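For reference, the structure is listed below as C-alpha cells.
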Amino acid sequence: MSTPNGFPQHSRACVTQSTEGGAVQDLQAKKAGKAAKKEAGGRVALPAEGPVSVGTPVSETLKLLPEELKANMKIKSITPRPPRKPRLERAASLDEKSWRRWRRFRTSQESLTDPNDTSSSNGSLQEASPSPPNRGRASPCHPCFQQNSLHSSPDASEASAAGKSRGSTSDLGKRASEISSAFGGLLRGKAFAGGKPRLSQIMPARPLPPMELNVASHTLRTANRIDSDCLDYRHYSQHKFGRVSSSLSDTRLHGNGLVYDSCSTDSMKSTFSLLTPIRAKDVRSRSYLEGSLMASGALLGAEELSRYFPDRNIGIFVATWNMQGQKELPVNLDDFLLPTDPDYAQDMYVIGVQEGCPDRREWEIRLQETLGPHYVLLYSAAHGVLYMSVFIRRDLIWFCSEVEYATVTTRIVSQIKTKGALGICFTFFGTSFLFITSHFTSGDSKVNERKLDYNKTIQALTLPKNVPDTNPYRSSSSDVTTRFDEVFWFGDFNFRLNKDRETVDSILNQNPDTDVSKLLVYDQLTSEMSRGSIFKGFQEADIHFRPSYKFDIGKDSYDTTSKQRTPSYTDRVVFRSRYKDDIQAVKYSSCPVIKTSDHRPVFALFRVKVRPGRDNIPLAAGQFDRELYLMGIKRRITRELQKRREQKDQKSSSICSIS
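Here's what the structure looks like:
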C-alpha cells in the first residue's frame with residue numbers, strides 16, 4: 001500500500017490523517033511537480049507511481065531516477081542566488097511550541113472520545129515521536145508531516161512558494177538527495193525525522209490492575225474473610241441500601257475508581273469498618289441460645305471459629321516459676337513472656353507461680369505491662385502463695401465461657417498454704433481447658449509423698465462446676481483430668497536427680513549447652529511416668545535445657561552453700577488430651593536471664609486444636625479485669641517515656657576526660 005505521493009507507508013500516524021488533509025496534500029504535490037518540470041525543461045521525470053518494496057536497497061532506488069538527474073546531482077551549482085528571507089528564531093520557536101500544544105490537545109481529544117482504547121499510551125508515544133515541522137521547505141516524503149506543517153507552521157507555505165521561484169538543477173539534485181536519504185531511513189526502519197518521544201499527559205483509559213496483598217496472620221483473620229451469607233453484599237449495598245450512596249462504602253469507591261473489585265471484597269466488607277456486615281434480618285432471627293455445631297448463626301459454631309482460626313489451631317504459652325517469696329521482681333519480663341525464637345506472640349498466656357511474691361497485684365500489673373494492650377486478664381486466682389493468671393487476646397474474650405477455679409491443700413506450714421494445687425478451667429469455642437499449677441512435697445527421697453500429692457489433687461479438685469462437660473462419656477469422677485479436652489499441669493513438682501552432686505557437675509561441665517540426655521537418665525519424674533504411677537496419660541516435651549534448680553540468687557552457679565544441693569529438674573510442664581495429636585509442643589525451655597530466685601522460670605509453647613461448640617454454655621460475655629488493664633497500660637507508657645528521656649539526656653550529655 002502506498003501513500004498519495006507514491007511513497008510507502010511506515011507509520012501508524014500516516015494512516016490516521018483526515019481526508020481533507022490528504023486533498024490539500026495532493027494539491028500541493030501537483031503544484032510542486034509542475035513547477036519542477038518547468039524549471040527542468042521537461043528533462044526530469046520523477047517516479048510518482050508504483051510502490052517501492054521495503055527490501056529494495058538505496059542503490060536500487062537511485063536506479064529509478066533518470067541518468068541526467070544522476071549527472072546533475074554531481075554538479076555543484078555556482079549560479080548566484082539572492083539570500084533567503086531572514087527569519088527570527090524566536091518566531092520559529094513560538095510556532096514550534098504552538099505545534100506541540102496542538103498535538104497534545106489533539107491526542108487528548110482522541111483519547112477522551114474513545115474510552116475503549118486500550119493502547120492510549122502506545123498511541124500517544126507513536127504520534128508524538130516525529131519532530132515538529134521543519135523550518136525549511138516541507139519534505140515531500142512523508143505526507144503526515146506535510147499535513148501537520150500545513151496546519152500549524154507558516155514556513156510550509158513559504159517554502160512552497162520559494163520552491164516555485166527557485167527551481168533549478170541544483171534544487172533538483174538536492175531534492176533527489178533528500179528523496180534517497182528518506183528512502184534509506186525508511187528501509188532501515190528508522191523514523192524519518194524527529195526529536196525525543198513525547199507522551200501525552202492524560203490519565204489511563206482503565207484502572208490499574210489490583211494489588212493482591214495478604215498480610216493476615218494465621219489467626220484472627222476477621223479483616224480478610226467474609227461470611228458465606230454475605231458474599232452478595234456488594235449487590236445489596238448497591239441496589240437495596242439507600243444510606244450506602246452517601247457514605248464511603250465499597251460501592252461508592254468502586255464507582256469512583258478508587259477500589260478494584262478483588263481488593264474491596266477482601267477489605268471493604270462493611271459500610272463503616274472492616275468488620276463483617278450483618279443484615280438486619282439476621283439480627284432479628286439469630287438466637288444464640290439455640291446454637292448448634294453447624295448452625296450458621298452460632299456464636300461458638302464452626303463458621304465463627306473458621307473466621308478467627310482457619311486452621312483451628314491456637315497458640316498457648318504455659319509457664320511456671322518458683323519465686324522463692326522474693327519481694328524484688330525482675331526489671332524486665334520480656335525474655336520470659338516474649339521469647340525471641342517464635343516470630344509471633346501466642347493467643348493465650350497462662351502463668352503459674354509457687355511461693356509467690358507478697359504483692360500479688362503488683363505481679364499481675366507487671367504481667368499486663370509486659371504483654372501490652374493486645375491482651376487482657378481473663379481470670380486470676382490464688383491459693384496461699386500459689387498464683388495463676390490467664391491472659392488472652394482481647395479479641396477472643398467473647399468466645400470464652402465462664403471461668404471456674406478450685407484449690408487443694410496438701411500441707412499447711414505456719415498457717416500459710418505453701419503446698420497444694422490450684423486449678424482454673426473454662427471452655428473456648430467447643431474445647432474445654434484445664435490448667436493446674438502445683439507445689440509438691442520437697443526432699444530428695446520423698447517420691448512417694450509427691451505421688452500422694454498428685455493423687456489427692458486429681459480426686460479433690462472439683463471441676464467443672466457450672467460449665468457442662470464437652471464429652472461426659474469419657475469422663476471419670478475420680479480423676480479431674482479426664483473431664484476436660486485439653487489439660488496442662490505445671491509447677492514445682494520437686495522431683496530430683498538420683499545422683500550425687502559431683503557426678504551431676506561433671507556431666508554438666510562435659511555438655512555445657514543442650515545435651516542433657518545423660519542427666520535425664522537419673523530423673524525421678526521421667527522414671528515414675530514411664531511406670532505409670534503418676535501423671536497417667538500425660539506427656540512431656542523433650543528437655544534441652546539445664547536444670548532449673550538450685551541456683552545462687554543473682555548468679556549462674558548452682559548451690560555453693562554448705563548443703564550443696566544437687567541440680568534438678570524440679571519445674572516441669574506436662575500435658576494430656578482426649579484426642580490424639582490435639583496438642584503439639586513447639587518449644588520447651590527455661591529463662592536463664594531471670595536470677596531473682598533460686599529457680600529459673602520454665603515455659604512451653606503449644607499449638608492446640610480447637611473445635612466448634614454450642615451456644616448453650618454460660619458465657620463470660622467479654623468480662624476481664626479492666627482496672628488491671630488500665631494500670632498496666634499506664635505503666636507501659638510511663639516506662640516508654642522514661643526510656644526516651646534517658647536516651648535524650650544521654651545524647652545531650654558530654655563527658656570530659658583529663659589525662
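In terms of my numbering, the numbers along the sequence shown are unbroken and rise by one, the last being 659.
For every residue, glycine included, the Cβ atom is placed at its ideal position computed from N, Cα and C.
Computed from a predicted structure; not experimentally measured.
- Residue pairing by DSSP puts residue 587 in a beta bridge opposite 605.
- A Cβ-Cβ distance of about 10 Å is found for the pair residue 390 and residue 375, leaving them out of contact under the 8 Å criterion.
- Non-local beta-carbon contacts of residue 628 in its own chain, meaning distances under 7 Å to residues more than five positions away in sequence, involve 364, 365, 368 and 377 in chain order.
- 327 is the residue among 344, 588 and 327 whose C-alpha sits nearest the C-alpha of residue 360.
- The DSSP assignment places complete beta strand (DSSP E) segments of no fewer than 3 residues inside the stretch 417-483 at 431-439, in order along the chain.
- Close CB contacts of residue 588 within its chain, under the 6 Å cut and outside five residues either way in sequence, are with 541 and 604 (chain order).
- Two segments are said to touch when three or more pairs of C-beta atoms, one from each, lie closer than 8 Å; by this definition the stretch 582-600 touches the stretch 317-324.
- Looking at the DSSP output, residue 313 sits in a beta bridge with 609.
- Residue pairing of residue 321 in beta bridges, as defined by DSSP: 353.
- Taking one beta carbon from each stretch, the stretch 453-465 and the stretch 633-646 have fewer than 3 pairs nearer than 8 Å; the two do not touch.
- Selection 506, 419 and 434 evaluated against residue 350 yields 434 as nearest (Cα-Cα).
- By the neighbour-count criterion, in which 16 or more other beta carbons inside 10 Å mark a residue as buried, residue 473 falls on the exposed side.
- In the DSSP assignment, residue 575 falls within the unbroken beta strand (DSSP E) covering 571-577.
- Annotation for residue 624: no beta strand (DSSP E) segment contains it, and DSSP assigns it neither H nor E.
- Between residue 590 and residue 548, the gap from beta carbon to beta carbon is short of 7 Å.
- Looking at the DSSP output, residue 488 bridges to 435 and 575.
- DSSP places residue 302 inside the alpha helix (DSSP H), whose first and last residues are 302-308.
- Annotated as distal: residue 578 and residue 493, with beta-carbon spacing of 7 Å or more.
- Between residue 300 and residue 429, the C-beta spacing is below 7 Å.
- The alpha carbon of residue 355 has as its nearest neighbour, out of 418, 486 and 490, the alpha carbon of 418.
- For residue 348, DSSP records a beta bridge to 316 and 392.
- Contact between the stretch 603-619 and the stretch 392-412 is established, with three or more Cβ pairs separated by less than 8 Å.
- Secondary structure within the stretch 358-402: the beta strand (DSSP E) runs of 3 or more consecutive residues, fully enclosed, are 375-383 and 386-393 (chain order).
- Distance from the CA atom of residue 496 to the CA atom of residue 373, rounded to whole angstroms, is 39 Å.
- Around the C-beta of residue 302, 16 or more other C-beta atoms lie within 10 Å, and the residue is accordingly described as buried.
- When 612, 520 and 554 are compared, the shortest CA-CA separation from residue 545 is found for 520.
- For residue 353, the closest of 503, 440 and 469 by C-alpha to C-alpha distance is 440.
- Here DSSP, grouped into helix, strand and coil, assigns residue 404 to strand.
- As the crow flies, the alpha-carbon of residue 606 is around 38 Å from that of residue 279.
- Residue 566 holds the alpha-carbon nearest to the alpha-carbon of residue 445 among 566, 310 and 431.
- Secondary structure at residue 496: coil, using DSSP grouped into helix, strand and coil.
- Of the candidates 466, 421 and 476, 421 places its Cα closest to the Cα of residue 456.
- For residue 447, same chain residues with a beta-carbon under 8 Å away, outside a window of 5 residues either side, are 495, 524 and 528 in chain order.
- DSSP places residue 522 outside both helix and strand once states are collapsed to three, so it counts as coil.
- Take residue 341, set aside five residues on each side of it, and the residues of its chain with a beta-carbon closer than 7 Å to its own are 587, in chain order.
- For residue 508, the enclosing alpha helix (DSSP H) starts and ends at 501-510.
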